[in-house]
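In the working numbering, the protein residues as written are -16 to 272. Here a beta-carbon is modelled for each residue, glycine too, at the ideal position from N, C-alpha and C. Every value quoted in this text rests on a predicted model; they were computed, and no experiment measured them.
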Amino acid sequence: MGMSLLLAFTIPGPTEQKKAVGSLLHLSPQLKAAFEPSEDFKPIPKPGSFDWLSSHEEAGQTYGQFLKSRPNKPGAGGRKLIYLQPIGDFPEGAPQLATLKKYMEAYFYPMAVKVAETLKLADLKSVSSRGDQVNCTDLLNVLEARIPKDAFVVMGVTMKDLYPGPEWNFVFGMARLKARCGIFSFARYGIEDDKKRALLRALKVISHETGHVFGIKHCTHFHCLMNGSNSLSETDRAPLHFCPACLRKIHWGLRFKPAERYQKLADFLKVNDLEKEAEWFQKRVVKTK
Ligand SMILES: [Zn+2]
Ligand SMILES: [Zn+2]
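Following this line, the structure appears as structure tokens:
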């Protein structure tokens, strides 16, 4: 099957990276500094046999191709909010909704993020379950049927383990990008072993998936939050930040001042003891001012 075929992937060099970002000729000095490939952005590592790029053919997406794809623009048609939709309880030690909200407000600054009222599983009669696991196809049907008019995206989050159908063991999450909704489980993030690592995993997954809703495809140009991932270990190795090409794509929709966004993220990460990540974002504040 697909997994037995190891795909050859050529790591893009500086010329391809520049092409991915596009011409910076007429931009302000701050935007030029933000989108210029520099030593702060590492090349994508050579994929191991079990990594995403060894089993998935990815075409990549330059900034120019992104524009041609007519991506979703936040605010269009009144769709101006990112919704976080908790499903079931979030016990102590689990990533907290208030924390996720603050992170998303910084990551997708200046967009507003709203935490919806928790959906109680006992109230969702159409959602089937299997032992302690919940059927996420059923859950997505519920979310899709009740997407608020002002929602750019509805991101369902849960501590319940998910399965999409009887033939599946489990899934980390599922999304319907056209319908602008998704659901992600933190049940297997290892909250018992390492709370900080579990939080970082949740932050990476929720911003990566929201990035897709903004029309950003998997990144093949740099080591980047938008790289595809086959496993938690691959997610752990990926950075929390967007590369210059993906940053330029998100900037097209959000029009922030890069230094302001970087500062908000650095502040959030410091408060949540993610020092290594905070340091990277703080360094970028200085360079994009
Ligand atoms: Zn993805
Ligand atoms: Zn990228």
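Proximity winner among the options, relative to residue i (alpha-carbon distances)
i: PRO(-5); options: ILE233, ALA261, HIS204; result: HIS204
i: ILE27; options: GLU192, LYS272, PRO74, ARG220; result: ARG220
i: TYR46; options: VAL269, SER190, TRP235, LYS266; result: TRP235
i: GLU196; options: PRO57, GLY5, VAL4; result: Just to set this straight, residue 196 is Val in the shown sequence, not Glu. When each option's Cα is compared against that of VAL196, the closest is PRO57.
i: GLY76; options: MET138, LEU(-10), MET142, SER212; result: MET142
i: GLY165; options: ASN124, ARG180, GLY173; result: ASN124
i: SER168; options: ALA181, LEU237, ALA105, PRO54; result: ALA181
i: PRO288; options: HIS191, THR120, ALA228; result: Within the shown structure, residues of the chain are numbered from -16 to 272, placing residue 288 beyond reach of any answer.
i: THR101; options: SER216, ASP23, VAL137; result: VAL137
i: ILE70; options: SER109, THR82, GLN265, LEU104; result: LEU104
i: PRO222; options: LEU186, SER112, ASP250, LEU237; result: LEU186
i: ALA249; options: LEU237, LYS232, VAL268; result: VAL268
i: ASP109; options: LEU126, LYS97, PHE49; result: Reading off the sequence, residue 109 comes out as Ser, not Asp. Looking at the Cα atoms, LEU126 is the closest of the given residues.
i: ARG159; options: LYS270, ILE130, SER214, GLU260; result: ILE130
i: LYS266; options: LEU7, GLU(-1), GLU22, SER6; result: GLU22
Residue i versus residue j: straight-line alpha-carbon distance, rounded
i: GLU150; j: SER37; result: 25 Å
i: GLU262; j: LYS247; result: 12 Å
i: ARG171; j: PHE155; result: 8 Å
i: GLY(-15); j: TRP35; result: Because the pLDDT at GLY(-15) is just 46, under 50, the model does not fix this residue reliably, and the point stays unresolved.
i: VAL4; j: LYS51; result: 14 Å
i: ALA(-9); j: ASN210; result: 16 Å
i: LYS1; j: ASN118; result: 43 Å
i: THR193; j: MET94; result: 12 Å
i: ARG163; j: CYS226; result: 24 Å
i: ALA128; j: ALA59; result: 20 Å
i: LYS272; j: ALA99; result: 35 Å
i: LEU10; j: TYR86; result: 28 Å
i: LEU(-11); j: GLU175; result: 35 Å
i: LYS179; j: PRO12; result: 36 Å
i: SER112; j: THR120; result: 11 Å
i: LYS132; j: THR(-7); result: 43 Å
i: PHE49; j: PRO78; result: 32 Å
i: ARG238; j: LYS232; result: 10 Å
Residue range of the alpha helix (DSSP H) that includes residue i
i: VAL254; result: 241 to 254
i: THR82; result: 80 to 90
i: SER216; result: 215 to 220
i: LYS200; result: That residue, LYS200, is in no alpha helix (DSSP H); it is neither H nor E in DSSP.
i: ALA17; result: 12 to 18
i: PRO227; result: 227 to 237
i: TRP151; result: Looking at the DSSP string, TRP151 is not in any alpha helix (DSSP H), and its letter there is neither H nor E.
Integer Cβ distance of residue i from residue j, believed to fall under 8 Å
i: PHE153; j: LEU145; result: 6 Å
i: ALA17; j: LEU252; result: The pair is not a contact, with the Cβ atoms about 18 Å apart (cut-off 8 Å).
i: GLY148; j: LEU122; result: The pair is not a contact, with the Cβ atoms about 12 Å apart (cut-off 8 Å).
i: LEU80; j: PHE91; result: Going by Cβ atoms, the distance from LEU80 to PHE91 rounds to 16 Å, so no, they are not a contact pair.
i: HIS206; j: LYS25; result: 4 Å
i: GLY198; j: ASN55; result: 6 Å
i: GLU19; j: LEU7; result: 7 Å
Delimiting residues of the beta strand (DSSP E) encompassing residue i
i: LEU182; result: No beta strand (DSSP E) holds LEU182; the alpha helix (DSSP H) holding it covers 178 to 196.
i: VAL110; result: VAL110 -> no beta strand (DSSP E), and no H or E assigned at all.
i: SER168; result: 164 to 168
i: PHE135; result: 134 to 141
i: GLY156; result: 156 to 159
i: ASP72; result: Careful: ASP72 lies outside any beta strand (DSSP E) and carries neither H nor E.
i: TYR146; result: 144 to 146
i: ALA77; result: Run containing ALA77: none; DSSP gives neither H nor E here.
i: LYS97; result: 95 to 98
i: GLN116; result: 116 to 118
Any C-beta of chain D under 9 Å from that of residue i
i: ILE166; result: In summary, chain D is missing from the structure at hand, where a single protein chain is found.
At a cut of 8 Å, does the stretch 229 to 248 reach the stretch 65 to 76 through at least three beta carbon pairs?
no
Please confirm if the stretch 245 to 260 is in contact with the stretch 23 to 36, defined as three or more CB-CB distances below 8 Å between the two stretches.
no
Could you tell me whether the stretch 193 to 211 touches the stretch 40 to 50, where touching means 3 or more Cβ pairs closer than 8 Å?
yes
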